[in-house]
Amino acid sequence: MSDTIRSEKELDVRVIPPPEKHPTIFRMFESLAPGEHFVLINDH
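Sequential numbering of the sequence shown, starting at 904, is according to the working numbering.
In structure tokens:
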């Protein structure tokens with residue numbers, strides 16, 4: 904059995920005004936360390 908704790912970053916852009924979506928996504932992407940990931944939730 905593994906004792907690894909998995910932490911997942913999640914970004915839900917459905918609640919962000921359209922003009923702010925792309926900049927927010929890019930900021931999140933740029934904040935990732937090597938090997939990290941995030942889950943992007945969008946309505947399209």
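We treat Cβ as the ideally placed atom computed from N, Cα and C, and that holds for glycine.
In this structure, how does DSSP classify residue i when only helix, strand and coil are distinguished?
i: Glu913; result: strand
i: Ile919; result: coil
i: Pro937; result: coil
i: His925; result: helix
If I'm right that residue i touches residue j with Cβ under 8 angstroms, what's the distance once you round it to whole angstroms?
i: Leu935; j: Phe929; result: Contact flag wrong, Cβ pair sits at about 11 angstroms.
For the beta strand (DSSP E) that residue i lies in, which residues bound it at each end?
i: Leu943; result: 941 to 944
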